[in-house]
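In what follows, a structure is listed as structure tokens, so that the remarks can point back to it.
Protein chains: 2
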Amino acid sequence: MNTLVAPTPEAGSKPAQILDAAGKLFLDHGYGAVSMDAVAKMANVSKATLYAHFGSKDELFRAMVACVSKGQTLVAICEEAKRLDVADGLRLIARHFADLVMSPRAMAGYRVVVGEAHRFPELAQAFYEAGPAKTMEQIVGYMVEVNRKGQLSIPDPQLAAEQLVGLVKSHTHLRYMLCLADRPSEQELNRIIDGAVNLFIKGYAA
Amino acid sequence: MNTLVAPTPEAGSKPAQILDAAGKLFLDHGYGAVSMDAVAKMANVSKATLYAHFGSKDELFRAMVACVSKGQTLVAICEEAKRLDVADGLRLIARHFADLVMSPRAMAGYRVVVGEAHRFPELAQAFYEAGPAKTMEQIVGYMVEVNRKGQLSIPDPQLAAEQLVGLVKSHTHLRYMLCLADRPSEQELNRIIDGAVNLFIKGYAA
DNA sequence: GTCTATAGGCGGATAGAC
DNA sequence: GTCTATCCGCCTATAGAC
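Residue numbers (UniProt numbering), protein chains in the order written: chain P, 1 to 206; chain G, 1 to 206.
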């Protein structure tokens, strides 16, 4: 499944230090702008040690992305949402989805993977499958359930799930992708989420 | 306004050749992966000539992005949409917006600017203002008009515009950002656009 | 303005001792 | 496994002739 990475190295070990440093540097500055010297320095390791664990810069980058991609998913949230009424369930999902994809860490991940998608296509795909695809699956499952219970009338759950995430990311996500702001304020987030849930409920009313 | 770029050089001139080559290479491979030698070679120019016109790689990159950013906007489309009934107007806007932001050229632009947003923040901002921000303005104007005429009930036109673009980009835009597909099929596009327009109209019914 | 040729340095990767 | 020291190529940028 996850062909990219060996099991996460034990915390505190040299490989872990290296991955940690690589994460910070690559995510903050991008692949091209980070040298192996910089990684070695931040990890308090010699370059030779670095190369002993990761054979090349490419390999280190891949390992780092794989490590970062192991994000939390929305599994538990979607299960909980199914036990609430629609408005609360949608709001719960929207809220956690927003927190998930608009966190500074996630944004940095998007930026670096998107920026190198041309050169590392398999990496982009692995990132997609480990993160966004898994999340979508969960939300589609929720939509199916809502439709089955007749809470809303959702003929195409896949489409509906895509619409919900589109509504939540809306225009804001692009602004964060471009580093035009650091992270959404509580106020802005509420405005977006309330708007998304209201539109969705009214639009899919049974 | 556009502080980034001198007036577009006359077609066929050396600067134009260089910008053209830079565009193809940077957009296809990213900033870090393209050397000045490669640009000079593709432009059929010596490196010295290149540096005579663009003082550094950074400067060339900025000029290229500014050149590419001069995209068409949705001004004419939004004006036309105002003269149609809501469903047709929204569909027209959604359609042209989708064509605009999901074209291979636009996607390549997003990728390279997003990837370098950390290192070229002013560039990201200029790109945003020249493209997405202008487009949003037009769509907001359309929403205001639709609300004024009572065709729909839109209390927050800015929010509604953001929602519409979110619905159209939905999940698909991310997949193209990650190079997971080349461009949406006619069929997929119609499914997304119809879904967006239907949801929007029902959700904002007067 | 445009070229050829080259300087100068950075950065990826390795040799060899411990 | 880890270190210090070093190789070598590539890439940005420039010098100097035409």
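Glycine included, every Cβ here is placed at the ideal spot set by N, Cα and C.
The structure displayed is predicted, hence computed values, not measured ones.
Arg91 (chain P) sits buried, since 16 or more C-beta atoms from the chains shown fall within 10 Å of its C-beta. Legend: CB atoms of the region 121–136 of chain P lying less than 8 Å from CB atoms of chain G belong to residues Pro121, Ala124, Gln125, Phe127, Tyr128, Pro132 and Met136. Between the region 165–183 of chain P and the region 105–120 of chain P there are three or more C-beta pairs closer than 8 Å, enough to call the two in contact.
For the options P:Ile18, P:Thr8 and P:Leu27, the alpha carbon positioned closest to that of Gly115 (chain G) is the one of P:Leu27. Contact between Ile18 (chain P) and Leu50 (chain P) holds, since their C-beta atoms are separated by about 6 Å, short of 8 Å. Residues of the region 160–171 of chain P with a C-beta less than 7 Å from any C-beta of chain G: Glu162, Gln163, Val165, Gly166, Leu167, Lys169, Ser170 and His171, listed in chain order. Within the same chain, and ignoring the five residues on either side of His96 (chain P) in sequence, the residues whose Cβ sits closer than 8 Å to its Cβ are Leu74 and Ile77. Taking C-beta atoms under 8 Å as the contact rule, Asp58 (chain G) and Lys47 (chain G) fail to qualify, at a distance of about 16 Å. Shown in chain order are the members of the region 31–44 of chain G whose Cβ falls below 8 Å from a Cβ of chain P: Tyr31, Gly32 and Ala33. Taken in chain order, the members of the region 99–113 of chain P whose beta-carbon sits within less than 9 Å of a beta-carbon on chain G are Ala108, Tyr110, Arg111, Val112 and Val113.
With its beta carbon at least 7 Å from every one in chain G, Gly150 (chain P) lies outside the interface.
Going by beta carbons, Ala161 (chain G) and Val140 (chain G) fall inside the 7 Å limit. Within chain P, the C-beta atoms nearer than 8 Å to that of Gly115 (chain G) come from Gly30, Arg111, Val112, Val114, Gly115 and Glu116, in chain order. A Cβ of chain P is located within less than 7 Å of the beta carbon of Leu178 (chain G).
In the structure shown, Leu159 (chain P) adopts helical secondary structure according to DSSP, grouped into three states. One finds His29, Gly30 and Ala33 in chain G with Cβ atoms closer than 8 Å to the Cβ of Arg119 (chain P), taken in chain order. Our two residues, Ala98 (chain G) and Glu145 (chain P), have alpha carbons roughly 30 Å apart in a direct line. For Leu199 (chain G), the chain P residues whose C-beta falls within less than 8 Å of its own C-beta are Gln163, Leu199, Phe200, Gly203 and Tyr204, listed in chain order.
Between the C-alpha atoms of Gly30 (chain P) and Leu152 (chain P) there is a straight-line separation of about 43 Å. Distance from His53 (chain G) to Val165 (chain P) at the Cβ level is roughly 44 Å; contact not present, criterion being Cβ atoms closer than 8 Å. Just measuring C-alpha positions, the residue of P:Glu137, P:Gly12 and P:Ser185 sitting nearest Gln158 (chain P) is P:Glu137. With fewer than 16 other beta carbons inside 10 angstroms of its own, Ser35 (chain P) counts as exposed.
Any Cβ of chain G closer than 7 Å to the Cβ of Gly55 (chain P) would place that residue at the interface, and such an atom is absent. Looking at the DSSP output, Ala205 (chain P) sits in a beta bridge with P:Leu152. Between Met42 (chain G) and Ala16 (chain G), the CB-CB gap reaches or exceeds 7 Å. Bounds of the alpha helix (DSSP H) holding Ala87 (chain P) are Val86 to Met102. By the neighbour-count definition (other C-beta atoms within 10 Å, threshold 16), Ser69 (chain G) is a buried residue. For Glu116 (chain P), there is no enclosing alpha helix (DSSP H), as DSSP marks it with neither H nor E. Shown in chain order are the members of the region 184–195 of chain G whose Cβ falls below 8 Å from a Cβ of chain P: Arg191, Ile192 and Gly195. The C-alpha of Val112 (chain G) lies about 37 Å from the C-alpha of Tyr204 (chain P). Bounds of the alpha helix (DSSP H) holding Gln17 (chain G) are Lys14 to His29.
The three-state secondary structure of Lys70 (chain G), taken from DSSP, is coil. The beta carbon of Met64 (chain P) is closer than 7 Å to those of Leu19, Ala22, Gly23 and Phe26 in its chain, skipping five residues each way along the sequence. Residues Val197 and Ile201 of the same chain have their beta carbon placed closer than 8 Å to that of Ala87 (chain G), with the five preceding and five following residues left out of the count.
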